[in-house]
Every structure is written in structure tokens, then in C-alpha cells.
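Participant: Numbering-wise (the working numbering), the sequence shown opens with residue 119 and increments by one.
Right, I'll just put the structure down here and ask away after.
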Amino acid sequence: MRELAGMTPPITGRCLCGAVRYVCSAPPFWSVNCHCRACQRLSGAPFVSAFCVSVEAFAFEGETRPFRRPSDAGHEVTTWLCAACGARMFAESAGATGHMNIFASTLAEPSAFKALSNVYLAEAASWIAPPPARFNFPRMPGPPDEAG
Ligand SMILES: [Zn+2]
Ligand SMILES: [Zn+2]
119 MRELAGMTPP ITGRCLCGAV RYVCSAPPFW SVNCHCRACQ RLSGAPFVSA FCVSVEAFAF
179 EGETRPFRRP SDAGHEVTTW LCAACGARMF AESAGATGHM NIFASTLAEP SAFKALSNVY
239 LAEAASWIAP PPARFNFPRM PGPPDEAG
């Protein structure tokens with residue numbers, strides 16, 4: 119979509135300590151601010167921003183460790199963290215196989231990111247206003263199943 123045109127491959131990023139690095143060879147096809155309670159608890163922040171690419175266009179290096187939880191729809195969601203610094207890097211859902219969700223704050227150039235959507239606005243923190251986005255959903259609107 120036009121809003122994502124600023125993210126031109128190769129799209130790169132890394133964790134805080136630099137042990138985990140990734141590259142996307144295709145532009146994202148979707149992006150979100152996720153305001154769900156799971157993302158809040160996992161990140162310590164009121165919401166997380168992520169973009170979605172095909173797994174075929176995604177590669178990373180460095181040691182990661184998984185954290186697994188069920189989504190609202192009952193699919194296993196795996197979030198990958200840097201094994202050294204604990205930074206939350208990317209996530210995938212059994213309900214949306216073939217998609218990798220990458221957390222936008224890990225980008226080398228985060229200013230290129232734009233969220234097309236807000237999801238889980240029903241669970242949004244009371245102390246901030248959700249950023250403007252073209253699509254706004256009270257919960258998860260369907261595939262991709264989970265942002266994180
Ligand atoms: Zn790290
Ligand atoms: Zn979430």
C-alpha cells in the first residue's frame with residue numbers, strides 16, 4: 119500500500135545489544151499498532167508497532183529464544199526474543215503461517231514505518247491516544263491472526 123512505500127527493501131534492524139539482526143528482502147504488506155493486553159504485558163509499553171512480511175522474504179542471524187502463548191483465536195503465537203538482551207524482535211502465529219511480524223522499534227530506520235491499522239483498541243491504555251491509522255479495529259480483524 120502507498121503508506122508503506124517508504125519501507126524499501128532491504129529493510130534491516132537489530133536488537134539492543136546487536137546479537138540479533140534481520141533483513142527483509144520484500145516490502146511489508148501490512149502494519150499495525152497492537153494495543154492488546156498480551157503485547158502490553160510482554161513489552162511493558164502501552165502498545166507495540168509491527169509490520170508483516172512473507173517468511174520467504176525474511177532472514178535473521180543471532181541466537182533467539184521463543185515465548186509461546188495462545189492467541190484469542192486459540193492459535194499458538196511464538197514471539198522471538200534476543201537470547202542475550204531480551205529484546206522482543208519478531209513473532210509468528212500458527213493462525214497465519216507464512217507471515218512474520220517484526221516489531222518496528224527494532225528497525226535501523228524506524229522513521230520509515232507507518233502503521234496502517236490499530237488493533238485491539240478495546241484494550242488500549244487509557245493514558246494515551248492511539249496514533250491515527252487508516253483502519254481501526256476493537257479486536258483482531260482476522261488474518262494476519264496476531265501481531266505479536
Ligand atoms: Zn540483543
Ligand atoms: Zn498484541
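Beta carbons are placed, not taken as given, at the ideal position from N, Cα and C, and that holds for glycine.
For clarity, every value in this text was computed on a predicted model and none was experimentally measured.
Compute the beta-carbon to beta-carbon distance between A209 and T197, rounded to the nearest angstrom, for a pair I have assumed lies under 8 angstroms.
Facilitator: 4 angstroms
Participant: Using only the heavy atoms of ligand 1, determine whether one of them is closer than 7 angstroms to the beta carbon of A209.
Facilitator: no
Participant: On the premise that A137 lies in contact with C200, defined as a C-beta separation below 8 angstroms, what is that separation, rounded to the nearest angstrom?
Facilitator: Indeed, because the Cβ distance is near 6 angstroms, the residues count as touching under 8 angstroms.
Participant: Looking at the secondary structure, which residues open and close the beta strand (DSSP E) in which R206 lies?
Facilitator: Taken as a continuous stretch (DSSP letters only), the beta strand (DSSP E) holding R206 covers 206–211.
Participant: Would the beta-carbon of A247 fall within 8 angstroms of that of L234?
Facilitator: Not in contact: A247 and L234 (Cβ atoms no closer than 8 angstroms).
Participant: Considering only heavy atoms of ligand 1, does any lie closer than 7 angstroms to the CB of R137?
Facilitator: It should be pointed out that residue 137 corresponds to Ala in this sequence rather than to Arg. Distances from the CB of A137 to the heavy atoms of ligand 1 include at least one below 7 angstroms.
Participant: Compare the Cα-Cα distances from T126 to each of C135, Y238, S229, S244 and report the closest residue.
Facilitator: S229
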